[in-house]
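J.: Chains as they are written, first to last, in this note's numbering: chain A, 29 to 339; chain B, 6 to 481.
All C-beta atoms, glycine included, are put in the ideal place defined by N, C-alpha and C.
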Amino acid sequence: MNIIKNRYIYFGISLLVIIPGIIALIIWQLPLGIDFTGGSLLEIRFDTGTPLSSEQVAGIYADNSTPGASIADPIIQPLGTDSLSIRSKVMTDATKSEIVTSIQELQGGAVTVLHFTQVSAAVGKEVATRAAGAVALAALAILIYISYAFRGVQHAIRYGTAAIIAMLHDVLVVVGFEAIAGHFWGWEADSLFLTALLTVIGFSVHDSIVVFDRIRENSNHYKKISYKTLVNHSIVQTLDRSINTQLTVMLTLLALALFGGSTILHFVVILLVGVFSGTYSSIFNAAPILVVWENKEWLAWFKRKPSVAAE
Amino acid sequence: MNRRPYVMLALILVLIAFALWIDLSNQITILNPFNQKSLIDRNVSIRLGLDLRGGLQTLLEADLPAETTVSSDDLNIARQILENRSNALGVSEVVMQVAPPRRIVAEFPGISNPEDVVTSLQKTGLLEFVDTGTERLNPGTVIQTDFGTDGAVSPTNTPDSTLTPTAEATATSDAAPTEVPAQTAPVIYHTVMTGTALDTVTVTQGATGQYQIAFTLKSDSKQLFADFTGSHVNQILAIVLDKTVISSPSIDSAITDGAGVITGSFTLEAANSLAIQLRYGSLPIPIKVVESRTVGPTLGQESVQKSLFAGIIGFIVIIIFMMLYYRLPGALAVLALIVYTMTSLMLFKLVPVVLTLPGIAGFILSIGMAVDANILIFERLKEELRAGRTLHQAIDLGWSRAWPSIRDSNFATLITCGILFWFGNAFGASLVKGFSLTLALGVLVSLFTAISVTRTFLHVVLDNLKITEHPRWFGL
Chain A
29 MNIIKNRYIY FGISLLVIIP GIIALIIWQL PLGIDFTGGS LLEIRFDTGT PLSSEQVAGI
89 YADNSTPGAS IADPIIQPLG TDSLSIRSKV MTDATKSEIV TSIQELQGGA VTVLHFTQVS
149 AAVGKEVATR AAGAVALAAL AILIYISYAF RGVQHAIRYG TAAIIAMLHD VLVVVGFEAI
209 AGHFWGWEAD SLFLTALLTV IGFSVHDSIV VFDRIRENSN HYKKISYKTL VNHSIVQTLD
269 RSINTQLTVM LTLLALALFG GSTILHFVVI LLVGVFSGTY SSIFNAAPIL VVWENKEWLA
329 WFKRKPSVAA E
Chain B
6 MNRRPYVMLA LILVLIAFAL WIDLSNQITI LNPFNQKSLI DRNVSIRLGL DLRGGLQTLL
66 EADLPAETTV SSDDLNIARQ ILENRSNALG VSEVVMQVAP PRRIVAEFPG ISNPEDVVTS
126 LQKTGLLEFV DTGTERLNPG TVIQTDFGTD GAVSPTNTPD STLTPTAEAT ATSDAAPTEV
186 PAQTAPVIYH TVMTGTALDT VTVTQGATGQ YQIAFTLKSD SKQLFADFTG SHVNQILAIV
246 LDKTVISSPS IDSAITDGAG VITGSFTLEA ANSLAIQLRY GSLPIPIKVV ESRTVGPTLG
306 QESVQKSLFA GIIGFIVIII FMMLYYRLPG ALAVLALIVY TMTSLMLFKL VPVVLTLPGI
366 AGFILSIGMA VDANILIFER LKEELRAGRT LHQAIDLGWS RAWPSIRDSN FATLITCGIL
426 FWFGNAFGAS LVKGFSLTLA LGVLVSLFTA ISVTRTFLHV VLDNLKITEH PRWFGL
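#1: Whole angstroms is fine: what's the gap from A:I292's alpha carbon to A:D63's?
#2: From the DSSP output, in three-state form, read off A:S68 for me.
#3: Under the rule that 16 or more other beta-carbon atoms within 10 Å means buried, what is B:P10, buried or exposed?
#4: Looking at chain B, is there any beta carbon in it that lies within less than 7 Å of the beta carbon of A:F21?
#5: Once the 5 residues before and after A:G49 are set aside, which same chain residues still bring their CB inside 8 Å of it?
#6: Find the residues of chain A that neighbour B:E296, judging by a C-beta separation of less than 7 Å, and give them in chain order.
#7: Assign A:I37 to buried or exposed, taking buried as 16 or more other Cβ atoms, counted over all protein chains shown, within 10 Å of its Cβ.
#8: For a cutoff of 7 Å on Cβ pairs, would you count A:H143 as touching chain B?
#9: Give the DSSP-derived three-state secondary structure of B:V158 in the structure shown.
#10: Over the uninterrupted alpha helix (DSSP H) stretch that includes A:S98, give me the two end residues.
#11: If the cut-off is 8 Å on Cβ atoms, which residues from the region 389-420 of chain B count as contacting chain A, listed in chain order?
#12: For the region 77-101 of chain A, which residues have a CB atom closer than 9 Å to at least one CB atom of chain B, in sequence order?
#13: If we define contact as Cβ-Cβ less than 7 Å, is A:V139 a contact residue for chain B?
#14: Here's a check: name, in chain order, each residue in its chain whose Cβ is nearer than 7 Å to the Cβ of B:V458, leaving out the five neighbours to either side.
#15: For A:L142, which option in B:G60, B:D136 and B:V135 has the closest C-alpha, if you only look at C-alpha atoms?
#16: When Cβ atoms are compared, which residues of the region 342-372 of chain B fall closer than 9 Å to chain A?
#17: Considering B:Q62, what are the terminal residues of the beta strand (DSSP E) in which it resides?
#18: How would you list, in chain order, the residues of chain A whose beta-carbon sits under 8 Å from the beta-carbon of B:T299?
#19: If you measure beta-carbon to beta-carbon, which residues of the region 374-385 of chain B are closer than 8 Å to chain A?
#20: Please return the same chain residues whose Cβ sits closer than 6 Å to the Cβ of B:I193, not counting the five positions on each side in sequence.
#21: Apply the 10 Å Cβ neighbour rule to A:A97 and answer buried if 16 or more other Cβ atoms are within range, or exposed otherwise.
#22: Verify the CB distance criterion: does A:L284 have a CB-CB separation below 7 Å to chain B?
#23: Pull up the distance between the alpha-carbon of A:H211 and that of A:G136, whole angstroms please.
#24: For A:S306, which of A:G108, A:M195 and A:A217 has the nearest alpha-carbon?
#25: Quick one: what's got a C-beta closer than 6 Å to B:G335's C-beta in the same chain, skipping five residues either side?
#26: Looking at the C-beta of A:A162, does it have a partner C-beta in chain B at a distance below 7 Å?
#27: Just list the residues that DSSP pairs B:G265 with in beta bridges.
#28: First and last residue of the alpha helix (DSSP H) that includes B:K293?
#29: At a CB-CB cut-off below 9 Å, which residues of chain B make contact with A:F212?
#30: So does the region 218-232 of chain A actually touch the region 394-406 of chain B, counting three or more Cβ pairs closer than 8 Å?
#31: Within 7 Å of any Cβ in chain B, is that where the Cβ of A:G230 sits?
#32: Can you confirm whether B:L55, when its beta carbon is compared against all beta carbons of chain A, has any partner nearer than 7 Å?
#33: Would DSSP call A:V336 helix, strand or coil?
#34: Just confirm the distance between the C-beta atoms of A:H197 and A:I46, as a whole number of angstroms; I'd bet it's less than 8 Å.
#35: B:V206 and B:Y216 look like a contact to me (Cβ under 8 Å); what is the Cβ gap, rounded to whole Å?
Quick look at the structure:
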């Protein structure tokens, strides 16, 4: 099996996945939840099984809206068949009770408040800033750690950089996926999304390190073979493990997605996408990048010679 | 014969027994056999987070200008007072944590009336004693004070030579509203002291049977109060709660011993209400709610059941996969996985880790990672066997060669966990915190079980079953 030979095909596949996500990000942007923007989120279950229509709920919100504290034009989404999720600006607790009572009266049956969350805009902004800091810090810490762990190998910093590029690949896949899912299914990036994203980062690096570790070990055993062959050999040797590990993690995640209930579905699906991407990027991106770097192939990218892919 | 695996096996069995004991009990009590006094008495039941049992989580913030630094002492006192106050409301198991520099996370498990709790917490806020000169303000008047604008109370600490100690220090209040001059430009009044200066507040009856409120001051505020009342006799010292005047007593004479009474035409009810406001309203800093999350109890119960079910399904799938693909070592790895699960659960109960929904997800994920360590080792084991090594050699080589990758990859996960924990800690985002904590614990335990438990099991089984001639048992 020669993975390195086809490296540009695999890079192409990555781009095919990432580019639509980036376009979605540019056009629709990442749908940030109230954790990051501030606001109020009310999730209500209608015990009779039939929720009010969006217009009816919007009407109730409009009735309770005041010029000083406007909560008109809420974003209303169905949640399963019997529940609604209603997002608006921050409201007082009295207003919230008022709204729940009005909904109950209009519906004519009991309703259950599943969730009610309010985040002030200032806190939301701070969380968003800090979240970006958390991702950057994680990347930096991992880069430093890998460079340290591979200090015995030539060009240790390349390994760290390649792992970070593979990690960025996974971040882009997950964030792009979220943007698309946000547009079509109304998903919102909340602090759980951030948790999933950081886990994916950890996983991605985890996978890359396993492959790199094999390269590190093999480079001590086989001094004569080319770097390209060495990397390919290492990838193939760890392939069984990579696939099996991915399989077990994805099977558990799948069980969570199928049976874990709606509360964590979003979280688990993001993890599924990210873990899949993480394994892909460690095999088909991280290690091949080392070869590209070793050969300084970018020098050939801008020349006419179509030799690179055929190599 | 190598004895080391058997020593390890014995240790592992002890661990299993201990883990089982903790896992199956809710309360641990160990009595000293000599005097029957309890040595250890600990509640080790599983603690469920708010998202699983329902309840309210709020993030409270010091309502002071951003440039004002909030001292951690003030924040801690406010936390203590809020905790007392919510206990007084009959809400049990309230958890309040200070999230420096200026926030408090408050969790109220299992409550069904979040609005009421939040309202009562917000209602009782900052109590100030305000110098309004000779101006008697009506109760209900909203005023501005200088407290908090310059960061701290800067009391007028002017020693007064005319101060004469009196045997009976009394401040009388006119609870009945009196005429107030029309408001002109907003006046900023001076705050003499805040409610933190109060030590005790009680409702008593005066000589003629009228209700009054007796108070004593903490020793460090006595001098300040004595100086102020001495120099402002016959002036008004308004009691102001959250910038709203609740009473405007006048100073009849200097109060030098730190104990005084507020008199007036109080009904018992009015006196009690004022006393409660004085007692519990004495937050050192004003507080506002910046975030609140309510989870209904039904959703939580459903989530627990569903994710437990999902976890069991996931576990079974892993068992089937490991046994089919890795045969005998796979079966042993499954045993190690069970040890892993028991040990993790024991740690969750002992630490204790508050289990949240993402926490459970983190735990299930860590099972996946625990399997990964085993897979890494088994793949290596197979390779070494194919290279023609003897079984015992292959086992030891497999472990020692797989170790660097297990160590480095898990360390990277631990780094991410640490950063997540830091992120979650700053915002009282207990969901994020719970996830990182369970994942990190899971990773650590999985390192232990993969390295020592699986390996020991393999050695012991190989010693006793003489299966060297069955390569198929190893999936070769």
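T.: From the atom records:
#1: A straight-line Cα-Cα distance of about 16 Å links A:I292 and A:D63.
#2: DSSP places A:S68 in the strand class (E or B) of the three-state scheme.
#3: B:P10 counts as buried, since at least 16 other C-beta atoms from the protein chains shown sit within 10 angstroms of its C-beta.
#4: There is simply no residue 21 of chain A to check, as chain A begins at 29 and stops at 339 in what is shown.
#5: Once the five neighbours on either side are set aside, the close Cβ partners of A:G49 are L200, V201, V203, G204, F205, A207 and I208.
#6: Those are Q146, V147, S148 and V151, listed as they occur along chain A.
#7: Burial call: exposed.
#8: By this cut-off, A:H143 is an interface position.
#9: Note that B:V158 scores 41 on pLDDT, short of 50, meaning its location in the model is unreliable and no value can be drawn from it.
#10: Run containing A:S98: none; DSSP gives neither H nor E here.
#11: Result list: R406, P409, S410, D413, S414, N415, F416, A417, T418 and I420.
#12: Listed in sequence order: no entries.
#13: Chain B, which has no Cβ nearer than 7 Å to the Cβ of A:V139, makes this no.
#14: The answer, listed in chain order, is I17, A341 and V344.
#15: Its Cα nearest to that of A:L142, the residue B:G60 stands out among B:G60, B:D136 and B:V135.
#16: Considering only beta carbons, the part of the region 342-372 of chain B lying closer than 9 Å to chain A consists of L362, P363, I365, A366, G367, I369, L370 and I372, in chain order.
#17: B:Q62 -> beta strand (DSSP E) spans G60 to A67.
#18: Here the neighbours are V141, H143, F144 and T145.
#19: Listed by position along the chain: M374, V376, D377, I380, L381 and E384.
#20: Beyond the five residues adjoining it in sequence on each side, B:I193 comes within less than 6 Å, by CB distance, of Q149 and D151 in the same chain, given in chain order.
#21: The residue is exposed, with fewer than 16 neighbouring Cβ atoms inside 10 Å.
#22: Yes, because at least one Cβ of chain B sits closer than 7 Å to the Cβ of A:L284.
#23: Taking the straight line from one Cα to the other gives about 33 Å.
#24: Sequence check: residue 306 of chain A is Gly here, not Ser. Nearest C-alpha to A:G306: A:M195.
#25: Sequence-distant Cβ neighbours of B:G335 in its own chain, meaning closer than 6 Å and more than five residues away, are M327 and M328.
#26: Cβ-Cβ to chain B under 7 Å: yes for A:A162.
#27: Note: B:G265 sits in a beta bridge opposite B:F220.
#28: Looking at the DSSP string, B:K293 is not in any alpha helix (DSSP H); the run it does join, the beta strand (DSSP E), is I292 to V300.
#29: Near A:F212 there are no residues of chain B at all, since even the closest Cβ is about 24 Å away, more than 9 Å.
#30: Under the 8 Å Cβ criterion, the region 218-232 of chain A does not count as touching the region 394-406 of chain B, having fewer than three qualifying pairs.
#31: Chain B, which has a Cβ nearer than 7 Å to the Cβ of A:G230, makes this yes.
#32: B:L55 has a beta carbon lying at 7 Å or more from every beta carbon in chain A.
#33: Because the pLDDT at A:V336 is just 49, under 50, the model does not fix this residue reliably, and the value given afterwards should be weighed accordingly. When secondary structure is reduced to three states using DSSP, A:V336 falls in the helix class.
#34: Contact flag correct, Cβ pair sits at about 7 Å.
#35: Between B:Y216 and B:V206 the Cβ distance is about 13 Å, and since that is not below 8 Å, they are no contact.
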